[in-house]
Amino acid sequence: MSGQQPRAAVAAVSGLGVRGPALTEAPASPLLRLDHPLLLPPVLRLLHTALDGTVESFVNIWQNVSERLDPRRPEPFAARNLAGKVAIVTGGNAGIGFATAQQLARRGAHVVIACRDPERAQAAVRRIAATTTPLFPSSPALPAAAAEDAAAAGGGAGSVRVEAMPLDLGRLASVREFAEAWRRRGLPLHLLVCNAGLMGPPQRLETADGLEMQFQVNFLSHWLLANQLVAAERQRRAASARGGKAVAGAAAKGAGWQRAVAAVAAVPGGSGGSPAEELGDGLRVVMVTWLTHRAGALQWADKQSRASYEPFLSYGLSKLANVMTAAELQRRRTGAVPRAGRASRRGPGRGSANPCPHGGAADAAVSVHPGLVATHLANGFFTARGTGWAAGGPLQPAVEAAVSGFGALAGPLLMRTPEQSAGVMLHACLAPRREVAGRYLALGRVASPDPAAEHPGLAAELWAYAQQLTDYRSPLQ
Numbered sequence: 000m001s002g003q004q005p006r007a008a009v010a011a012v013s014g015l016g017v018r019g020p021a022l023t024e025a026p027a028s029p030l031l032r033l034d035h036p037l038l039l040p041p042v043l044r045l046l047h048t049a050l051d052g053t054v055e056s057f058v059n060i061w062q063n064v065s066e067r068l069d070p071r072r073p074e075p076f077a078a079r080n081l082a083g084k085v086a087i088v089t090g091g092n093a094g095i096g097f098a099t100a101q102q103l104a105r106r107g108a109h110v111v112i113a114c115r116d117p118e119r120a121q122a123a124v125r126r127i128a129a130t131t132t133p134l135f136p137s138s139p140a141l142p143a144a145a146a147e148d149a150a151a152a153g154g155g156a157g158s159v160r161v162e163a164m165p166l167d168l169g170r171l172a173s174v175r176e177f178a179e180a181w182r183r184r185g186l187p188l189h190l191l192v193c194n195a196g197l198m199g200p201p202q203r204l205e206t207a208d209g210l211e212m213q214f215q216v217n218f219l220s221h222w223l224l225a226n227q228l229v230a231a232e233r234q235r236r237a238a239s240a241r242g243g244k245a246v247a248g249a250a251a252k253g254a255g256w257q258r259a260v261a262a263v264a265a266v267p268g269g270s271g272g273s274p275a276e277e278l279g280d281g282l283r284v285v286m287v288t289w290l291t292h293r294a295g296a297l298q299w300a301d302k303q304s305r306a307s308y309e310p311f312l313s314y315g316l317s318k319l320a321n322v323m324t325a326a327e328l329q330r331r332r333t334g335a336v337p338r339a340g341r342a343s344r345r346g347p348g349r350g351s352a353n354p355c356p357h358g359g360a361a362d363a364a365v366s367v368h369p370g371l372v373a374t375h376l377a378n379g380f381f382t383a384r385g386t387g388w389a390a391g392g393p394l395q396p397a398v399e400a401a402v403s404g405f406g407a408l409a410g411p412l413l414m415r416t417p418e419q420s421a422g423v424m425l426h427a428c429l430a431p432r433r434e435v436a437g438r439y440l441a442l443g444r445v446a447s448p449d450p451a452a453e454h455p456g457l458a459a460e461l462w463a464y465a466q467q468l469t470d471y472r473s474p475l476q
């Protein structure tokens, strides 16, 4: 990330005539009033977060021991053939993102890894292509443009289909460039996994846009990316619908099947009836969060951590914002947001029959906590939290050695592997829409998020703040 020279970068952008983001704080939240019904005392919020982590650790111990005793467990969603579907995974070059991208590609999806570092992205593409056995090797082909991209990236015919595109979430300009490049390709988009993130840097860092690093990388850039890609997909669908009418008109005039096929081919993204589009599938947006979102409301009044910086709370705020974004995307895209804590297997919840003003009845947005996972990010975060008190002191080497040793011994039991977490991610990506749309998932199940995440006033406040910072007015109003 280019967070070491934020002011100079902002000045450079301004000098080019590009309008920069407004850096004012959003109005004070009603959550800060002592009489607010959703207010939890800070100690209770922190205790709730710690309790969640403790319970999850015991669940992980049970699952890890069970898998060692019986490793022949069925693979989740092994029967789901994703041929013809296109997925974008941010941060798909490592950790949870890599495992998720690999499993989607294994099921036949054309996967695009969105990553800041081109070398790491291409290394991930090559690794997935070399180590992934397709579940459906005879899957139908993708649209020609996507197939060519996959072949160029190393995923040729008979192999998994995966490629990389550059995306730096530390620069809003890069997000806009990615969205525009995607729009020009004219490909359908069925799944967007907003996974990339930054976790608890010891000191406050700023992006090239002058914003707190975790807030922008984990939340704001993903908010902008999701909104722009949803808008692009809506435009592509409208063009496809117009192409369908052209086909019908050509047939009615006796032009024959050759002219009808030509009309489809002329439509940007027109696949001539790819399996995904024949099924009428919509676009699903998956926002990755974490259990620390329960502490995020404590940072609400100082979203950019200008008054004070606490890595844990700043990270929690960014993940709370992701839960809110998923619910708000669902409401604005389909006209309904079921209460996550009142999930029903019988349907998507109250208000689900409301017509959608944006034509997204088949779309869904989900937030998911993938679990306590042993990734480079998480290991660094826990090590920093466990040794921070001794930093710079004579005990620092001994404390770091003790924490590292404990992690090496207990980590395999207390935490999941990225491969295990991919099963949780697949549930968010592939579970029936009626079960997960607008909801928060934890440990692979629908759960109740922090009360602040379900407060419509706070969600609207966050949405307006994001529009202000990005200078982007979302079409989803």
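Heads up: the sequence shown at position 341 corresponds to 340 in numbering that gives the first Met the number 0, and the numbers run straight through without jumps.
Glycine included, each C-beta is placed from N, C-alpha and C at the ideal position.
{"query": "Spell out a yes or no on whether the segment 165-176 and the segment 206-222 are touching, meaning 3 or more CB-CB pairs, one atom from each, closer than 8 angstroms.", "result": "yes"}
{"query": "Please check the pair Gly477 and Cys114, which I expect to be a contact at CB under 8 angstroms, by giving their CB distance rounded to whole angstroms.", "result": "The displayed coordinates of the chain run from 0 to 476. Any statement about residue 477 would go beyond what the structure contains."}
{"query": "Have a look at the DSSP bridge pairing and note the partners of Tyr439.", "result": "Ser366, Ala446"}
{"query": "For the putative contact between Met164 and Val111, defined by C-beta atoms under 8 angstroms, what is the C-beta separation to the nearest angstrom?", "result": "6 angstroms"}
{"query": "What first and last residue would you give for the beta strand (DSSP E) that runs through Pro165?", "result": "160-165"}
{"query": "Is DSSP giving Arg99 helix, strand or coil here?", "result": "Per the sequence presented here, residue 99 reads as Thr, with Arg not at that position. Note: Thr99 maps to helix in three-state DSSP."}
{"query": "Which class does Thr206 belong to by DSSP, given the choice of helix, strand or coil?", "result": "coil"}
{"query": "Which whole runs of the beta strand (DSSP E) in the segment 97-134 are 3 residues long or more, in chain order?", "result": "109-114"}
{"query": "Quick check on the burial criterion: 16 or more other C-beta atoms within 10 angstroms. Buried or exposed for Gly456?", "result": "exposed"}
{"query": "Identify every residue that forms a DSSP beta bridge with Glu211.", "result": "Glu205"}
{"query": "At the level of alpha carbons, what is the spacing between Ala326 and Val367?", "result": "11 angstroms"}
{"query": "DSSP three-state label for Ala77, please.", "result": "coil"}
{"query": "Under the DSSP definition of a beta bridge, which residues are partnered with Thr89?", "result": "Ala113"}
{"query": "For Ala77, count neighbouring Cβ atoms within 10 angstroms of its own Cβ and tell me buried if that reaches 16, exposed if not.", "result": "exposed"}
{"query": "Taking 8 angstroms as the threshold (C-beta atoms), are Ala104 and Arg184 in contact?", "result": "no"}
{"query": "Between Ile87 and Val287, what straight-line distance do the alpha-carbon atoms span, to the nearest angstrom?", "result": "13 angstroms"}
{"query": "Helix or strand or just coil, what does DSSP make of Arg283?", "result": "strand"}
{"query": "Please classify Ala436: is it buried, with 16 or more other beta-carbons within 10 angstroms of its beta-carbon, or exposed?", "result": "buried"}
{"query": "In this structure, does DSSP put Leu191 in helix, strand or coil?", "result": "strand"}
{"query": "Within 10 Å of its beta-carbon, does Ser304 have 16 or more other beta-carbons around it, so buried, or fewer, so exposed?", "result": "buried"}
{"query": "In chain order, what residues of the same chain have a beta carbon less than 8 angstroms from the beta carbon of Asp116, not counting five sequence neighbours either side?", "result": "Asn92"}
{"query": "Between the beta-carbon of Leu297 and the beta-carbon of Pro75, is there less than 8 angstroms?", "result": "no"}
{"query": "Counting beta carbon pairs with one atom in the segment 318-325 and one in the segment 425-432, are three or more of them shorter than 8 angstroms?", "result": "no"}
{"query": "Between the C-alpha atoms of Ala421 and Cys428, what's the straight-line distance to the nearest angstrom?", "result": "10 angstroms"}
{"query": "How big is the Cα-Cα spacing for Pro187 and Val284?", "result": "14 angstroms"}
{"query": "Please report the distance separating the alpha-carbon of Pro474 from that of Arg71.", "result": "47 angstroms"}
{"query": "Is Val372 closer than 8 angstroms to Pro417 when the C-beta atoms are compared?", "result": "yes"}
{"query": "For the alpha helix (DSSP H) that contains Asn321, what are its first and last residues?", "result": "310-333"}
{"query": "Around the Cβ of Thr132, are there at least 16 other Cβ atoms within 10 angstroms (buried) or fewer (exposed)?", "result": "exposed"}
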